[in-house]
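Down below is the structure, laid out as structure tokens.
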Amino acid sequence: MPIVDSAIYRKGVRESHHVTLDQTFEDLHEHGGFAWIGLYRPTEAELAAVAEEFELHHLAIHNATIGHQRPKLERFGDSTFVALRPARYLEETEQVEFGEVHLFIGPNFAITVRHAESPDLAQVRRRLEADPELLALGPQAVLYAVLDVIVDGYNPVVDGMEDDIDEIEDELFSGDPDVARRIYELAREAMAFQRATHPLVRIFRSLEAGYDKFDVDIELRRDMRDVLDHVLRIVERADTFRALLENALTVHSTLVTQAQNEEMRQLSHASIEQGDQVKKISSWAAIMFTPGLVAGVYGMNFTHMPELSWVLGYPMAMGLMLLSAGLLYVVFKRHNWL
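Residue numbering for the sequence shown follows our numbering, beginning at 73 and increasing consecutively.
Written out as structure tokens, the structure reads:
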């Protein structure tokens with residue numbers, strides 16, 4: 073059911089529980105107090121009924137209907153619309169999952185609209201109901217409690233991402249080919265986490281600017297400042313993650329370039345050695361070719377060859393072969409081919 077819970081609170085105590093919105097509206101008109109309505113992925117008709125009853129601005133209703141909003145705070149007269157992006161770290165897949173929560177806060181109502189499974193706003197309701205003094209501060213206390221649980225939920229995400237980045241730093245020098253992909257995935261998560269947390273600072277500044285106008289209790293203001301301090305620390309760590317991942321990507325690119333250069337150097341060295349071997353083989357082939365040529369000429373079976381009957385023919389042929397081979401050897405040796 074889209075209506076998770078709907079109740080009226082007076083002086084910090086839950087006075088009634090209603091199944092339908094009409095019952096909640098009727099009770100609020102007759103007996104006062106403030107209504108806290110929790111919705112889970114409501115339909116346009118249900119949001120329209122809430123908007124008509126509490127005179128919510130149509131732009132805020134439109135944003136809550138379509139979802140996928142970046143964290144922001146908007147004022148419409150005496151009502152406030154807040155969009156938040158809670159997150160949780162999934163240990164099984166080592167990934168960050170983002171949700172979406174919208175709040176409408178007015179003088180006598182607090183409406184929470186949840187578009188994902190987390191966070192568990194029923195737990196927030198139980199926590200406030202167990203603290204009547206805080207809940208007696210009205211809808212602003214609901215806003216504080218939701219902000220507090222969402223910001224607290226960022227801590228496990230930060231710890232999980234920090235562990236993942238530490239693993240990446242250990243794997244950088246292992247030569248794992250999947251490191252680049254993992255760095256890219258973590259960088260995307262870090263950017264998404266920044267988009268979820270950075271706007272919270274502006275949201276709290278806007279809330280501070282309206283404390284006097286909306287008569288926010290002094291203790292609630294202090295609690296809000298404490299949550300803001302947590303936000304600032306989380307934002308700083310998120311920025312650190314982005315810088316670490318950018319450095320890791322740079323280091324990985326450098327290592328890949330060095331590996332490629334080393335491979336090219338080895339290939340060049342192998343090519344040079346191969347060229348030297350080819351030179352040696354070619355040199356010896358040329359040296360052996362010349363004596364073979366002389367021997368081949370005088371080995372031809374022709375009748376009229378003057379040197380065959382010459383007494384010095386054999387010594388001359390042998391000398392010519394040795395001389396040509398020796399000259400070629402000297403030439404190749406001077407050119408470092410041998």
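Don't be surprised by glycine CBs; every beta carbon is placed ideally from N, CA and C.
Test item: CB-CB of residue i and residue j under 9 Å
i	j	result
Ile222	Leu279	no
Arg82	Phe97	no
Gln141	Glu116	no
Leu258	Phe313	yes
Glu177	Thr152	Note that residue 177 is Ile in the sequence shown, not Glu. Result yes, Cβ atoms of Ile177 and Thr152 sit closer than 9 Å.
Ala68	His130	The displayed coordinates of the chain run from 73 to 410. Any statement about residue 68 would go beyond what the structure contains.
Tyr401	Ser355	yes
Lys144	Arg297	no
Ile413	Leu100	Outside the displayed span of the chain (73 to 410) sits residue 413, for which this structure offers no information.
Leu394	Pro363	yes
Leu317	Ala262	yes
Ala159	Tyr112	no
Val168	Ala252	no
Glu166	Asp236	yes
Phe286	Asp203	no
Rounded straight-line distance, which links the Cα of residue j to that of residue i
i	j	result
Gly398	Asp348	21 Å
Met377	Phe404	33 Å
Arg294	Val218	16 Å
Tyr161	Ser343	52 Å
Arg254	Ala213	41 Å
Gly232	His103	47 Å
Val366	Leu384	15 Å
Pro387	Ile359	19 Å
Leu272	Glu234	21 Å
Gly391	Phe361	15 Å
Glu163	Ile290	39 Å
Ala315	Asp238	13 Å
Glu127	Leu292	26 Å
Asp301	Asp311	16 Å
Arg260	Lys351	55 Å
Ala281	Thr329	52 Å
Leu119	Ile138	11 Å
Glu345	His407	16 Å
Leu209	Gln266	31 Å
Met372	Trp382	16 Å
Thr326	His187	43 Å
Asn333	Asp250	20 Å
Asp192	Arg147	26 Å
Leu215	Glu335	60 Å
Leu304	Arg337	49 Å
Residue i classed as buried or exposed, judged by whether at least 16 other C-beta atoms fall within 10 angstroms
i	result
Phe245	exposed
His341	exposed
Asp108	The sequence as given places Trp at residue 108; Asp does not occur at that position. Label assigned to Trp108: buried.
Tyr256	exposed
Ala357	exposed
Val369	exposed
Leu339	exposed
Cutoff 7 Å; reference residue i; Cβ partners in own chain excluding five residues on either side
i	result
Arg86	Ala79 and Glu201
Leu207	Tyr81, Gly84, Leu200, Glu201 and Ala213
Val323	Leu244
Val230	Ile306 and Arg309
His270	Val307
Glu241	Ala320
Glu205	Gly84
Ala389	Val366 and Tyr370
Beta-carbon contacts of residue i that lie in its chain and below 6 Å, excluding the five residues immediately before and after
i	result
Pro228	Tyr161
Val185	Leu111, Ala136 and His174
Val411	Here the chain has residues from 73 to 410 only, and residue 411 is not among them.
Pro114	Pro74
Val154	Leu145 and Leu175
Glu125	Phe97
Phe276	Leu300
Leu321	Ile255
Same chain only: Cβ atoms within 8 Å of residue i, ignoring 5 sequence neighbours per side
i	result
Gly195	As written in the sequence, residue 195 is Gln, which differs from the Gly given in the question. Within the same chain, Gln195 has close Cβ partners Val221.
Pro211	Phe106, Trp108, Ile177, Gly178, Pro179, Asn180, Phe181 and Ala182
Ser190	Pro158, Arg160, Glu169, Gly171 and Gly225
Tyr283	Arg293
Asp77	His89, Trp108, Ile109, Gly110, Ala194 and Arg197
Ser396	Thr362, Pro363 and Val366
Original post:
Which full runs of the beta strand (DSSP E) of 3+ residues lie inside the stretch 258-292, going along the chain?
Top reply: Taking 3 residues as the minimum length, the stretch 258-292 contains no beta strand (DSSP E) run wholly inside it.
Start-end ranges of the beta strand (DSSP E) lying completely within the stretch 101-185, minimum 3 residues | As far as the stretch 101-185 is concerned, its whole beta strand (DSSP E) runs of at least 3 residues are 106-112, 144-148, 151-156, 159-162, 167-170 and 173-178.
message = Going residue by residue through the stretch 182-208, where are the continuous alpha helix (DSSP H) segments of at least 4 residues, counting only ones entirely within it?
response = Fully enclosed alpha helix (DSSP H) runs of 4 or longer: 193-201 and 204-207.
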